[in-house]
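S.K.:
Protein chains in written order, with the numbering used here: chain A, 25 to 520; chain B, 2 to 168.
1) Scan the region 392 to 423 of chain A for residues whose Cβ lies nearer than 8 angstroms to a Cβ of chain B and list them as they occur along the chain.
2) For the alpha helix (DSSP H) holding residue 28 of chain A, just list the boundary residues, first then last.
3) Residues of chain B with a CB under 9 angstroms from the CB of residue 216 of chain A: which are they?
4) Residue 28 of chain B touches chain E at which residues, Cβ-Cβ below 8 angstroms?
5) Assuming residue 285 of chain A and residue 299 of chain A are in contact, meaning their beta carbons sit under 8 angstroms apart, how far apart are those beta carbons, in whole angstroms?
6) Listed from N- to C-terminal order along the chain, which residues in the region 206 to 239 of chain A have their beta-carbon within a distance smaller than 7 angstroms of any beta-carbon of chain B?
7) So what does residue 205 of chain A bridge to, in DSSP terms?
8) Keeping to the same chain, check which residues put their C-beta closer than 6 angstroms to that of residue 202 of chain A; ignore five residues upstream and five downstream.
9) Residue 85 of chain B touches chain A at which residues, Cβ-Cβ below 9 angstroms?
10) Whose C-beta lies closer than 7 angstroms to the C-beta of residue 25 of chain B among residues of the same chain, with five residues either side of it excluded?
11) Excluding sequence positions up to five away, which residues of its chain have a Cβ less than 7 angstroms from the Cβ of residue 361 of chain A?
12) Could you spell out where the alpha helix (DSSP H) holding residue 389 of chain A opens and where it closes?
13) For residue 53 of chain B, return the contacting residues in chain A, with the cut-off set at a CB-CB distance below 7 angstroms.
14) If you drop the 5 nearest sequence neighbours on each side, which residues of the same chain put their C-beta closer than 6 angstroms to that of residue 136 of chain A?
15) How big is the Cα-Cα spacing for residue 336 of chain A and residue 280 of chain A?
16) Taking DSSP as the reference, what is the three-state secondary structure of residue 120 of chain B?
17) Nearest-angstrom Cα distance between residue 520 of chain A and residue 195 of chain A?
18) Looking only at C-alpha atoms, which of A/359, A/109, A/388 sits nearest to residue 233 of chain A?
19) Quick check: the Cα distance between residue 521 of chain A and residue 477 of chain A, rounded to an integer number of angstroms?
20) May I ask which residues mark the beginning and end of the alpha helix (DSSP H) holding residue 269 of chain A?
21) Pick out whichever of A/470, A/403, A/146, A/434 has its Cα sitting closest to the Cα of residue 287 of chain A.
22) Name the residues in the region 447 to 468 of chain A whose C-beta lies less than 9 angstroms from a C-beta of chain B; which are they?
23) In chain B, which residues lie less than 7 angstroms from residue 442 of chain A when you measure between Cβ atoms?
24) Under a CB-based cut-off of 9 angstroms, is residue 49 of chain B close to chain A?
25) Is it the case that the region 29 to 42 of chain B contacts the region 7 to 21 of chain B, given that we only count it when at least three CB pairs across the two stretches are under 8 angstroms?
26) Using the C-alpha atoms, what's the distance from residue 15 of chain B back to residue 63 of chain B?
27) Taking all protein chains shown into account, do 16 or more other C-beta atoms lie within 10 angstroms of the C-beta of residue 40 of chain A, making it buried, or fewer, making it exposed?
28) Identify each residue in the region 33 to 48 of chain B for which the Cβ-Cβ distance to at least one residue of chain A is less than 7 angstroms, and report them in chain order.
29) Residues of chain B with CB closer than 9 angstroms to the CB of residue 436 of chain A, please, in chain order.
30) What residues from chain B crowd round residue 117 of chain A, counting only those whose CB sits closer than 8 angstroms?
31) Do residue 240 of chain A and residue 106 of chain A count as a contact pair if the criterion is CB distance below 9 angstroms?
32) Look at residue 102 of chain A and residue 114 of chain A and say whether their C-beta atoms are less than 9 angstroms apart.
33) According to a CB-to-CB cut-off of less than 8 angstroms, which residues of the region 303 to 317 of chain A neighbour chain B?
34) For residue 91 of chain A, I'd like the list of residues in its chain whose CB is within less than 7 angstroms of its CB, leaving aside the five on either flank, ordered along the chain.
In structure tokens:
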């Protein structure tokens with residue numbers, strides 16, 4: 025193991041590889057900042073350029089984009105309430121209130137340090153536990169995935185900010201939107217009304233750009249002034265950096281949530297981001313501070329999405345099953361360079377695989393320091409007059425919505441969801457629930473039908489599988505706990 | 002909250018809950034035309050959503066009859082004026098319409114030039130350079146750096162077709 029590590033660092037720290045890590049990091053931070061464009065888009069654009077590179081340089085370039093994209097996505101989440109990446113959407117819930125209080129630098133310091141720690145832990149898990157963990161992940165079949173999706177929806181129901189009833193309605197709306205288009209498992213087209221656009225389903229990017237970016241632009245225009253209400257910046261970057269370590273439970277717990285979600289194919293960093301936020305809120309001693317600028321509300325989502333990315337590579341590299349979009353693109357790069365995922369990759373190419381792991385670690389640290397260097401400049405956005413900022417953001421957001429699929433209908437979809445999001449938010453309908461419903465809808469339905477196909481339409485599969493049964497039990501506890509707690513409280517009060 | 006704003010709030014609340022109820026009912030009803038497996042989830046979710054929306058409608062109705070402040074009103078409400086709200090809500094669709102007809106660059110130029118003074122930005126001399134820089138930066142960022150050509154609009158496409166036909 026130590027020999028492999030020395031071998032890996034020797035390869036990763038070669039100047040040419042460091043240059044590609046740096047280049048990938050800059051590109052990742054840059055595309056991460058742009059709403060609608062994320063690391064997968066940049067990686068897809070870069071793939072043709074990697075054909076002529078040596079395999080390690082190619083993998084490091086692409087992986088650095090992916091790692092830095094997660095850092096960059098949080099910049100606009102915190103400063104503008106517009107996630108640059110879908111996987112940084114929940115970061116906005118407490119990051120943006122901190123910016124409004126003039127604490128943008130503190131929030132970004134929290135984000136940078138939580139991201140770095142989580143990314144390093146994620147890479148260490150990838151390094152030391154890839155093979156055994158990959159085999160354990162094989163136990164996660166459709167029934168378990170369905171149970172996990174239901175757990176996510178349950179968390180939405182019990183932990184939604186604002187009215188639970190409205191949270192549930194928005195969750196149902198997200199699920200309903202996920203039904204649109206061709207169902208890959210059942211082969212049925214639903215709610216397309218003969219439209220080719222709807223047949224493909226409503227894209228996640230225009231919905232996110234609409235719900236977060238356009239909604240926020242509308243709010244900015246109605247309110248005027250500057251994002252930082254006092255018109256000036258308070259607190260320092262290092263305060264945020266230090267504060268991260270004052271919340272070790274949130275930091276490590278959310279890192280664990282992200283690392284676990286990364287192992288399960290198809291769930292991804294976006295779900296990890298929301299689930300970690302909800303879990304941190306649920307387990308906090310002061311849940312009432314969430315949504316108003318709680319440091320844990322920035323630490324939890326940032327730690328989870330950054331630990332998710334490296335662990336999503338575990339099933340990709342060991343089993344050939346990508347855990348998410350970025351892992352899928354990396355898998356393409358691996359196969360393009362004549363390599364095959366699996367045990368052989370570890371034994372026949374130790375310099376490549378350990379160089380890649382070491383490069384990921386180096387990339388996580390470089391990304392954190394580049395991000396920290398850029399923060400003072402980024403933070404100035406919060407003191408720019410909204411009159412100039414709003415048109416600029418409208419242009420970039422809608423360009424981002426278009427750029428993903430290069431379809432003008434996406435622009436109108438983003439505008440529609442933006443206006444809807446504005447009125448929904450004004451009336452206390454939590455947008456987070458819609459997003460989770462949309463993310464988990466396809467996963468839940470697909471996994472449900474796959475499970476029934478496997479079991480020959482026997483519903484017992486959901487309770488006979490231990491992991492699925494345990495997950496459903498957790499769902500039940502989450503639903504019943506508030507009632508039980510109330511009853512215990514009432515009993516205690518009567519006793520006294 | 003002043004009386005007119007309160008009235009508008011309740012009107013919006015009822016319209017929102019009503020629209021959601023109709024939408025969910027449509028999801029459930031239209032699902033009946035799908036094969037058995039494909040209709041299961043939409044039927045369950047549509048029915049649940051419709052019930053939740055009707056409940057939200059009923060709760061809002063009771064709260065309004067009782068009087069007092071609306072339970073779920075957010076802080077955004079307080080700062081806005083009808084003029085600013087109109088500008089805020091109409092800006093994105095108007096931008097989309099101009100983009101569709103005239104293309105991204107014309108829409109961006111107009112947005113950067115027209116939106117700030119409509120929002121009350123006083124320094125008009127800054128606007129032309131601001132609009133030009135915005136369009137040039139967008140053109141450099143998307144088509145050049147990211148290799149994403151932005152839409153030229155119906156008129157732009159027509160002009161390009163004519164140019165090639167004549168060329």
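Quick reminder that beta carbons are idealized off the backbone N, C-alpha and C, glycines included.
M.R.: Let me spell this out:
1) 409, 410, 411, 412, 414, 415, 416, 418, 419, 420, 422, 423
2) Within the first chain, numbered from 1, the residue matching residue 28 of chain A stands at position 4. It spans 26 to 36 - the alpha helix (DSSP H) in which residue 28 of chain A sits, taken as one unbroken run.
3) Position 192 of the first chain, counted from the first residue, corresponds to residue 216 of chain A. Simply none; closest approach about 11 angstroms.
4) Absent from the structure: chain E. Protein chains present are A and B.
5) Counted from its first residue, the first chain places residue 285 of chain A at position 261. Counted from its first residue, the first chain places residue 299 of chain A at position 275. So it is a contact: roughly 7 angstroms between Cβ atoms.
6) 207, 210, 212, 214, 215, 238
7) As a position in the first chain, residue 205 of chain A is number 181, starting the count at 1. Partner(s): A/214.
8) The residue labelled residue 202 of chain A in the question sits at position 178 within the first chain. Excluding residues within five positions, the ones whose Cβ falls inside 6 angstroms are 462, 465, 466.
9) Mapped onto the second chain, residue 85 of chain B falls at position 84. Within chain A, the residues near residue 85 of chain B are 245, 246, 247, 248.
10) Taking the first residue of the second chain as 1, we reach residue 25 of chain B at position 24. Cβ within range, chain order: 47, 50, 51, 54.
11) Here residue 361 of chain A is taken as the residue at index 337 of the first chain, counted from 1. Result list for residue 361 of chain A: 79, 82, in chain order.
12) Numbered from its first residue, the first chain carries residue 389 of chain A at position 365. Unbroken alpha helix (DSSP H) run through residue 389 of chain A: 374 to 403.
13) Within the second chain, residue 53 of chain B is the residue found at index 52, counting from 1. The answer, in chain order, is 189, 192, 193, 196.
14) The residue you call residue 136 of chain A lines up with position 112 of the first chain. Same-chain partners within the cutoff: 392, 395, 396.
15) Numbered from its first residue, the first chain carries residue 336 of chain A at position 312. Numbered from its first residue, the first chain carries residue 280 of chain A at position 256. Looking at the two C-alpha atoms, the distance is approximately 13 angstroms.
16) Taking the second chain and counting its residues from 1, one reaches residue 120 of chain B at position 119. If DSSP states are grouped into helix, strand and coil, residue 120 of chain B belongs with coil.
17) Translated into the one-based positions of the first chain, residue 520 of chain A becomes position 496. Translated into the one-based positions of the first chain, residue 195 of chain A becomes position 171. Model confidence at residue 520 of chain A stands at a pLDDT of 48, short of 50, so the residue's coordinates are unreliable; what they give is reported in the following sentence. In a straight line, the C-alpha of residue 520 of chain A is about 40 angstroms away from that of residue 195 of chain A.
18) The residue labelled residue 233 of chain A in the question sits at position 209 within the first chain. The shortest C-alpha separation from residue 233 of chain A is found at A/109.
19) Given that chain A is displayed from residue 25 to residue 520, the structure contains no residue 521 of chain A and the question cannot be resolved.
20) By one-based count along the first chain, residue 269 of chain A stands at place 245. Neither: residue 269 of chain A is in no alpha helix (DSSP H) and is coded neither H nor E.
21) Against the first chain, residue 287 of chain A aligns to sequence position 263. Ranking the options by Cα distance to residue 287 of chain A, first place goes to A/146.
22) 447, 448, 449, 450, 451, 452, 453, 461, 465, 468
23) The residue given as residue 442 of chain A occupies position 418 in the first chain. Residues of chain B passing the Cβ test: 93.
24) For the purposes of this step, residue 49 of chain B is taken as the residue at position 48 of the second chain. So, interface residue.
25) no
26) Against the second chain, residue 63 of chain B aligns to sequence position 62. Against the second chain, residue 15 of chain B aligns to sequence position 14. One C-alpha to the other measures close to 12 angstroms.
27) The residue given as residue 40 of chain A occupies position 16 in the first chain. By the 10 Å Cβ count, residue 40 of chain A comes out exposed.
28) 35, 36, 38, 39, 42, 43, 46, 47
29) Locating residue 436 of chain A in the first chain gives position 412, counting from the first residue. What residue 436 of chain A touches in chain B: 94, 97, 101.
30) Taking the first chain and counting its residues from 1, one reaches residue 117 of chain A at position 93. Going along chain B, no residue has its Cβ under 8 angstroms from residue 117 of chain A, so there is no contact; the nearest lies around 14 angstroms.
31) If you number the first chain from 1, residue 106 of chain A lands on position 82. If you number the first chain from 1, residue 240 of chain A lands on position 216. Result yes, Cβ atoms of residue 106 of chain A and residue 240 of chain A sit closer than 9 angstroms.
32) Translated into the one-based positions of the first chain, residue 102 of chain A becomes position 78. Translated into the one-based positions of the first chain, residue 114 of chain A becomes position 90. For residue 102 of chain A and residue 114 of chain A, no; Cβs fall outside 9 angstroms.
33) none
34) Walking along the first chain from the start, residue 91 of chain A turns up at place 67. Counting only Cβ-Cβ distances below 7 angstroms, and skipping sequence neighbours, we find 52, 143, 333, 384, 387, 388, 391.
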